[in-house]
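> Got a structure for you, questions after.
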Amino acid sequence: MCPLHGPLTIPYGSSKLRTFFGDQSFFEEAFDRVFLSPSAAILHTLPASLVSSSKKKTSLEQDEIADAPQLVWSANRNHPVKLNATLQLTQDGNLTLADSDGTSVWSTYTGGGNYSVAGLNLTEDGNLVLFDRNNAMVWQSFHHPTDSLLVGQGLVLGQKLTSSTSASNWSQGLFSLAVVQSDSYYYQYLSAYVESHPPWSYFESAVDLYYYDVLNNVSLKFENESFNGQLIRAASSSSAQFIRLDPDGHLRAYEWDGSNWNMVADLLTSDIGDCGYPMACGNYGICSSNGQCGCPDEATSNTFRQINSKLPNLGCSLVTPISCNNSQYQTFLELKNTSYFFSNSELTNRYYLNEQTELEDCKKSCLKNCSCKAVYDLRNISNKGCFLLSEAFSLINNEGRDENVTVFLKVQKSLTAQYPIPSQTNSPQKKSQVTIILGSSFGAFFGVFLVVASCIFLFKKKREFEDFDEFSVDQVPGMPTKFSYEELRAMTNNFNHKLGEGGFGLVFQGTLSDGTNVAVKRLNGFGQVKKSFLAEVETIGSIHHVNLVRLIGFCAEKSYRLLVYEYMFNGSLDKWIFQRHQELTLGWQSRRKIIMDIAKGLAYLHEDCRQKIFHLDIKPQNILLDEYCNAKISDFGLSKLIDKDQSQVVTTLRGTPGYLAPEWLNSIITKKVDVYSFGVVVLEMLCGRKNLDWSQPEEDMHLLSLFKRKAEEERLNDIVDKCNDEMQLHGAEVVEMMRVAVWCLQSDFSRRPSMSGVVKVLEGSVDVENNLDYNFTNPAIPRSIAAAGQQEHATGAATTLLFPSALSGPR
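Heads up: take any position in the sequence shown, counting from 1, add 1158, and you land on my numbering.
Shown next, in the form of structure tokens:
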């Protein structure tokens, strides 16, 4: 291995194994330049998108790619680069991909003295490796799979394969395959699922304990003849194999025979059949046992029609599209003995079937919910219940087998049913008589109705604070479960184990009947507590995202208001960044991941929900960490639902001092108030201190003022958290992350990025804006709060103040 010097272009089709050292750049001057392994059979690209978009085909059949090189790994699949993009192994050991304009798109983040990278190697088995001076691996592509596994490569907990969108579009698609930990932690299983919120599993298989590695991690390794017990024809010494999760959800094994790629195994089909794939027959399509695809109501074609009669596997569409504004004109098309792809999924049935749910409740809830497309009802010996489907994937025709499964598809009634044509035989005289009779009857009825309605209204107002047991949230899976107060008291052992407290109540640890740990928040008070309770259930009860804490249930019984959440093992973020104990500090990599998790959660709330959601109280106490330190946003008691077409709203001041954006002073807010709060949290994480710290000298009490001063002195390294050695080692990267925080803290909210823009910056596909304004606005602190803070510091109490907005506090 000899060091090479100067810029180097790797030509397409190169079959020579090369090892690169030092500060070298690889310039892509043609669209399809790639790395190719020594076997000359496995294509291994860094920039997946170096293929020109202008050269991509709209469709690519299997026989068209039989003799083409196969993409098995890519770094920037979701962020295409342009002509003349540059791949560089920098002097400090960081492998980076930059677009033609110099924008950083992707990096291995291995720069700095902590890694001591010496060079780059593409191994014989197709693993792209960065190694140090002792020839030890520092980074490898095998640990960052995309949609494929090469022979000798494995999947471990925390890794997954995600399919491409199509054969010609390598961005992330609909399906994923991962090793998943069971709730009991006694076993793991391989799961193929749809990337949705929540995810829906279509294949599950237990992982043999044989696959445990020396670190006690599950590693499903693709050997030369098998994968998770599935036999694959052994490849000859002169050929190559790989496994790929294809865009249609199939997990297939491919082999090179010297001139073509051939599929040698379809690894999931033997278990789930041809109809077991979510898109086997497209949206709304019905798959029969012989693999034929059809549409619901095919005999009359009143409600559905095929998208393409020559290609029935493309699915079906509604004849009359569903209108969210006319739910009274919607009904259900009942499909008996028709199941869904997850019918045999223990994972799905365990999490989403609610035995207490009645079918009529499900159907009513679906009609009220614009995003609901169907109701799935299961009634058999082992499971019973129903839940709503927000996506209409392929259905399965059980063909006479009594499966006790029924699917109800939501459809729009015909125009004739909505607007009946009046009879032409009625004479004008009859019409006049009918009009008089109807008018008189309606007048009398309306008078009685007003009297009754007034009585009911007054009665309800009287009982509003005495008994709120009529609080109505439809009891369907995907929505929170309603518990009685006695059930929650039993779950928490009479509220014995307190996890934390906030301004409106206490949080206790509890256990569900199936052994699942939960956190139960008991709210105290009236007025504002009632509003917060309603906001929380309305907001988080109907959404699902990996970076949002899941609301499992609630209790609204008489004066009791309780919320039941998933239990977060590592508690709230504040204890990890503000504590001075070394064992509780987070390293740089963990903090960077948490920042990304928070950004993704907020981006989902702001842009991907049916209604935009402004959280309005982002702070470390409302960021919770699970056992793997995955961050989830919690406490939606102050949140605000905004229509999609609204960009701003007028509302009263809410939130926590120190995290409030300047525009709160005029009460006109946008989603950028959450962006500002996010910027404060990021800065606190990087510096390891609170934005308002009464223990500091007066000139350093406000972190933003201190940050501005250090930026002017070009001494930002001075305020990097000194309680963690890894933070100091990565000081340069931490300072760069501070620029992200500064962008979010711009006093002019129009200059702040969106949260999806922040995610792109953190992913490396977009740069932080230049010419940032460091003249931050420190919100005025009420004297009463300032005095309380100073008194707490003087008495040695904790410096975290409990403001009225701290509904959940640390958990």
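A virtual CB, placed ideally from N, CA and C, is assigned to each residue, including glycine.
Across which residues does DSSP place F1865 in a beta bridge pair?
Paired residues: none, contrary to the question.
> Quick one: residues in its chain with C-beta nearer than 6 Å to the C-beta of K1830, no 5 flanking neighbours on either side, listed in chain order?
Around K1830: F1907, R1910.
> I need the boundaries of the beta strand (DSSP E) containing W1414, first residue and last residue.
Element bounds for W1414: 1409–1414.
> Taking the alpha helix (DSSP H) that L1245 falls in, what are its first and last residues?
That residue, L1245, is in no alpha helix (DSSP H); its beta strand (DSSP E) goes 1244–1247.
> Flag this pair as yes or no: are the beta carbons of F1427 and V1569 separated by less than 8 Å?
Sequence inspection shows Thr at residue 1427; the Phe mentioned does not correspond to that position. No, the Cβ-Cβ distance between T1427 and V1569 is not below 8 Å.
> Here's the rule: buried if 16 or more other CB atoms are within 10 angstroms of the residue's CB, otherwise exposed. What is F1193?
For F1193, the predicted model reports a pLDDT of 45, less than 50, meaning its position is unreliable; a value from the coordinates is still stated below. Buried, by the Cβ-count rule.
> Could you tell me which of V1707, D1404, G1846, D1879 sits nearest to T1320, measuring between CA atoms?
Nearest option by C-alpha distance: D1404.
> Between the alpha carbons of K1494 and F1545, how many angstroms are there, rounded?
Cα-Cα distance, rounded: 16 Å.
> Can you tell me which of L1646, A1819, T1564 puts its alpha carbon nearest to the alpha carbon of G1543?
Looking at the Cα atoms, T1564 is the closest of the given residues.
> Would you call the segment 1886–1903 in contact with the segment 1706–1724, where contact means no fewer than 3 C-beta pairs closer than 8 Å?
Output reads no: the segment 1706–1724 does not touch the segment 1886–1903.
> Go ahead and label R1873 buried or exposed: buried means 16 or more other beta carbons lie within 10 angstroms of its beta carbon, across all protein chains shown.
Under this definition R1873 is an exposed residue.
> Excluding sequence positions up to five away, which residues of its chain have a Cβ less than 6 Å from the Cβ of Y1817?
Excluding residues within five positions, the ones whose Cβ falls inside 6 Å are K1777, S1835, V1838.
> For P1454 and N1420, I'd like the C-alpha separation in whole angstroms.
If I take the Cα positions, the gap works out to 35 Å.
> Identify whether R1909 lies in helix, strand or coil by the three-state DSSP scheme.
DSSP places R1909 in helix when its eight states are reduced to three.
> Taking the alpha carbon of V1678 as the reference point, which residue from L1692, G1663, D1672 has its own alpha carbon closest?
When only C-alpha atoms are compared, the closest one is G1663.
> Which stretch, first to last residue, makes up the alpha helix (DSSP H) that contains W1746?
Where W1746 is concerned, the enclosing alpha helix (DSSP H) stretches over 1746–1761.
> Report the CB separation of L1980 from A1789 in whole angstroms; it is logged as a contact under 8 Å.
This structure leaves residue 1980 out entirely; the chain is present only between 1159 and 1969.
> Compute the distance between the beta-carbons of G1473 and N1441, then report whether it is under 8 Å.
Yes, the Cβ-Cβ distance between G1473 and N1441 is below 8 Å.
> Go ahead and label Q1399 buried or exposed: buried means 16 or more other beta carbons lie within 10 angstroms of its beta carbon, across all protein chains shown.
Classification of Q1399: buried, given that the 10 Å Cβ count is 16 or more.
> Identify the continuous beta strand (DSSP E) that holds E1715 and give its terminal residues.
Taken as a continuous stretch (DSSP letters only), the beta strand (DSSP E) holding E1715 covers 1709–1715.
> Taking all protein chains shown into account, do 16 or more other C-beta atoms lie within 10 angstroms of the C-beta of Q1486, making it buried, or fewer, making it exposed?
Label assigned to Q1486: exposed.
> Tell me whether T1478 sits in a helix, a strand or coil according to DSSP, three-state version.
Reduced to three states, the DSSP call for T1478 is coil.
> Return the residue from the list G1251, G1846, L1864 that minimises the CA-CA distance to G1745.
G1745 has its Cα closest to that of G1846, out of G1251, G1846, L1864.
> Is DSSP giving H1888 helix, strand or coil here?
Looking at H1888 - three-state DSSP - the assignment turns out to be coil, as it is neither helix nor strand.
> In angstroms, rounded to a whole number, what distance separates the CA positions of D1755 and N1705?
When rounded, the distance between both Cα atoms is 6 Å.
> Assign N1928 to buried or exposed, taking buried as 16 or more other Cβ atoms, counted over all protein chains shown, within 10 Å of its Cβ.
Exposed is the call here.
> So is H1301 buried or exposed if we call it buried at 16+ other beta carbons inside 10 Å?
Classification for H1301: exposed.
> Given that a residue counts as buried once 16 or more other Cβ atoms are within 10 Å of its Cβ, and exposed if not, what is L1763?
Classification of L1763: buried, given that the 10 Å Cβ count is 16 or more.
> Whole angstroms is fine: what's the gap from R1719's alpha carbon to C1530's?
Those two C-alpha atoms are separated by around 28 Å.
> Would H1655 be called buried (16 or more neighbouring beta carbons within 10 Å of its own) or exposed?
Exposed: under 16 other Cβ atoms inside 10 Å.
> If you follow the beta strand (DSSP E) that A1423 is in, where does it begin and where does it stop?
Unbroken beta strand (DSSP E) run through A1423: 1419–1424.
> Taking the alpha carbon of V1239 as the point to measure from, which residue in L1255, E1715, L1517 has its own alpha carbon closest?
With distances taken between Cα atoms, V1239 lies closest to L1255.
> Counting only the same chain and skipping the five closest in sequence on each side, list residues whose C-beta sits under 7 Å from that of N1236.
Contacts found: S1329, Q1330.
> Taking D1290 as part of the beta strand (DSSP E), name the residues at either end of that continuous run.
Per DSSP, D1290 belongs to the beta strand (DSSP E) from 1286–1290.
> To the nearest angstrom, how far is it from the Cα of G1312 to the Cα of S1306?
Cα to Cα, G1312 sits roughly 10 Å from S1306.
> Please work out which residues of its chain come closer than 7 Å, Cβ to Cβ, to S1585, disregarding the five sequence neighbours upstream and downstream, and give them in chain order.
Any answer about S1585 is weak, because its pLDDT of 42 lies below 50 and its placement is not dependable; what the coordinates show is given next. Result list for S1585: empty, nothing under 7 Å.
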